[in-house]
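Contents: one structure, followed by commentary.
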Amino acid sequence: MVSENTLLDVDREGNIVALTMEHARQRADMPQFSFEQIAA
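So the sequence shown is numbered by my numbering: it starts at 35 and just counts up by one.
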């Protein structure tokens with residue numbers, strides 16, 4: 035857990051495998067928010 039609304043998942047080697055940001059649009063003060071999912 036990075037903060038109350040941010041969760042970082044890592045694998046056994048410490049590589050980032052997932053990032054969860056709750057309320058990202060409001061926290062970043064961005065009217066539009068998009069993301070891209072990539073294959074590992």
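Cβ atoms here follow ideal geometry from the backbone N, Cα and C, with glycine treated the same way.
Please read these numbers as outputs of a predicted model, since none were measured by experiment.
Within the model, the alpha-carbon separation for residue 60 versus residue 47 is close to 32 Å. In the structure shown, residue 73 adopts coil according to DSSP, grouped into three states. Residue pairing of residue 43 in beta bridges, as defined by DSSP: 52.
In this structure, the alpha-carbon of residue 52 lies about 21 Å from that of residue 66.
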